[in-house]
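*Asks:* Once you've had a glance at the structure underneath, I'll fire off some questions.
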Amino acid sequence: MEIRKKLVDPSKYGTKCPYTMNPEFITVHNTYNDATAENEVAYMIRNDNQVSFHIAVDDKEAVQGIPLERNAWHTGDGNGNGNRKSIGVEICYSLSGGDRYYKAEDNAAIVVAQLMKQYNIPISKVRTHQSWSGKYCPHRML
């Protein structure tokens, strides 16, 4: 599946993705709203808070907002491996669920498999947000 890039401006690296990263993990999230991947990434890259993620996936596309060679603040474990060594993948449409969500989940599985292959990440290092910080996420999958 093609991953379209809509990357955060480098002027925001200090807030959104301050550290270089060699990915060792992939972390799966649910967005807990019904926005598209495009809108999830647009919101994330334009605001000034630290919360960030690498890729959002919906029923039609995958959109990347943070370079994969930079960290993102998405797991709630501070400077732990979740934030510093993990690619964050957000699955869209999780609030209402239904067919759009299930298609987004299928597409996210494809994206995760591609990333596993690209970075030689074993399935044992594909994690849920909950596994890093205890947050009930991805809520549709737990």
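Going by the working numbering, the first residue of the sequence shown is number 1, and it counts up by one from there. Cβ coordinates follow ideal geometry from the N, Cα and C atoms, glycine included.
Leaving out five residues on either side along the sequence, give the residues of the same chain with a beta carbon under 8 Å from the beta carbon of K135.
*Replies:* Result list for K135: G76 and H129, in chain order.
*Asks:* With DSSP collapsed to three states, give me the class of R84.
*Replies:* It is helical.
*Asks:* Out of G97, Y19, A109 and P122, state which residue places its alpha-carbon closest to the alpha-carbon of L68.
*Replies:* The shortest C-alpha separation from L68 is found at Y19.
*Asks:* Taking all protein chains shown into account, do 16 or more other C-beta atoms lie within 10 angstroms of the C-beta of Q64, making it buried, or fewer, making it exposed?
*Replies:* Looking at its Cβ environment, which holds 16 or more other Cβ atoms inside 10 Å, Q64 is buried.
*Asks:* Kindly identify the DSSP beta-bridge partner or partners of E90.
*Replies:* BP columns for E90 point to H29 and A56.
*Asks:* Checking the sheet assignment: what are the DSSP bridge partners for I3?
*Replies:* I3 pairs with A62.
*Asks:* Within 10 angstroms of the Cβ of M1, are there 16 or more other Cβ atoms? Answer buried if so, exposed if not.
*Replies:* Exposed, because fewer than 16 other Cβ atoms sit within 10 Å of the Cβ of M1.
*Asks:* Just the Cα atoms here: how many angstroms apart are I91 and A104?
*Replies:* Straight-line Cα distance between these residues: approximately 6 Å.
*Asks:* Taking a contact to mean a Cβ-Cβ separation below 8 Å, would you say I66 touches F53 in this structure?
*Replies:* Yes, the Cβ-Cβ distance between I66 and F53 is below 8 Å.
*Asks:* With a 10 Å radius around its C-beta and 16 neighbouring C-beta atoms as the bar for buried, classify G88 as buried or exposed.
*Replies:* Per the 10 Å Cβ criterion, buried.
*Asks:* Rounded to whole angstroms, what is the Cα-Cα separation between D59 and Y32?
*Replies:* So the two alpha carbons sit approximately 15 Å from each other.
*Asks:* Under the criterion of a Cβ to heavy atom distance below 7 Å, does K5 qualify as lining the ligand NAP?
*Replies:* Absence of the ligand NAP from the depicted structure is noted, as is the absence of any ligand whatsoever, leaving it without description.
*Asks:* Within its chain, find whatever has a CB closer than 8 Å to the CB of V111; leave out the 5 residues flanking it on each side and keep chain order.
*Replies:* Cβ within range, chain order: M1, I3, I55, V57, A62 and V89.
*Asks:* Going by beta carbon distance, what residues of the same chain come within less than 7 Å of E38, once the five residues before and after it are set aside?
*Replies:* Closer than 7 Å at Cβ, skipping near neighbours: V63.
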